[in-house]
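Counting with the numbering used here, you get residues 10 to 103 for the letters of the sequence shown. The C-beta atom is built at its ideal place from N, Cα and C for all residues, glycine as well. Computed from a prediction, not measured in an experiment: that's the story for all the values here.
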Amino acid sequence: MAKLGHIVVLKGGISSEREISLSSGAAVYAGLQRLGFHVSEMDVSHDIIERLQELKPDFAFITLHGENGEDGVIQGLLETMEINYTGSDVLSSA
10 MAKLGHIVVL
20 KGGISSEREI
30 SLSSGAAVYA
40 GLQRLGFHVS
50 EMDVSHDIIE
60 RLQELKPDFA
70 FITLHGENGE
80 DGVIQGLLET
90 MEINYTGSDV
100 LSSA
């Protein structure tokens, strides 16, 4: 389990699907904790770069929906910051 290192669960966001994303993220966070992973959760907002720099995650579990979550935006940011993540890559998401 240590192979993934520090995992951050990205949830919330600014889309109309914010509430379901918060719920999905909380469930993923709880499950990863139960399995013994080193995990943090982040309600994604406009200061995401600074917050990711502070947390220094090795891996991101994306539970964002809609705008900025499923359109390649967050994927592009994570790739730029060299943070591996779940789901499709930038091109597939765009």
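Which of the three DSSP states is assigned to residue i in this structure?
i: Gly40; result: helix
i: Leu87; result: helix
i: Ile92; result: coil
i: Ala69; result: strand
Measure from the alpha carbon of residue i to the alpha carbon of each residue in the options, then state which is nearest.
i: Gly45; options: Thr89, Ile16, Ala103; result: Ile16
i: Val18; options: Leu64, Met51, Glu63; result: Met51
i: His55; options: Ile23, Leu73, Ala35, Ile29; result: Ile23
Can you give me the start and stop residues for the beta strand (DSSP E) that residue i sits inside?
i: Ser54; result: No beta strand (DSSP E) contains Ser54, which DSSP labels as neither H nor E.
i: Leu19; result: 15-21
Using the Cα positions of residue i and residue j, report the straight-line distance between them to the nearest angstrom.
i: Leu87; j: Tyr94; result: 7 angstroms
i: Gly81; j: Leu41; result: 24 angstroms
i: His47; j: Arg27; result: 24 angstroms
i: Gly21; j: Arg60; result: 14 angstroms
i: Ser33; j: Pro66; result: 19 angstroms
i: Ala39; j: Leu31; result: 12 angstroms
i: Phe68; j: Gly75; result: 21 angstroms
i: Ser101; j: Val37; result: 23 angstroms
i: Ala103; j: Ile83; result: 11 angstroms
i: Met90; j: Gln62; result: 9 angstroms
i: Ala35; j: Ile29; result: 10 angstroms
Under the assumption that residue i contacts residue j (Cβ atoms under 8 angstroms), give the Cβ distance between them as a whole number of angstroms.
i: Gly85; j: Val99; result: 5 angstroms
i: Gly96; j: Ile57; result: Not confirmed; about 16 angstroms, so no contact.
In the DSSP assignment, find the alpha helix (DSSP H) that holds residue i and state where it starts and stops.
i: Ser102; result: 99-102
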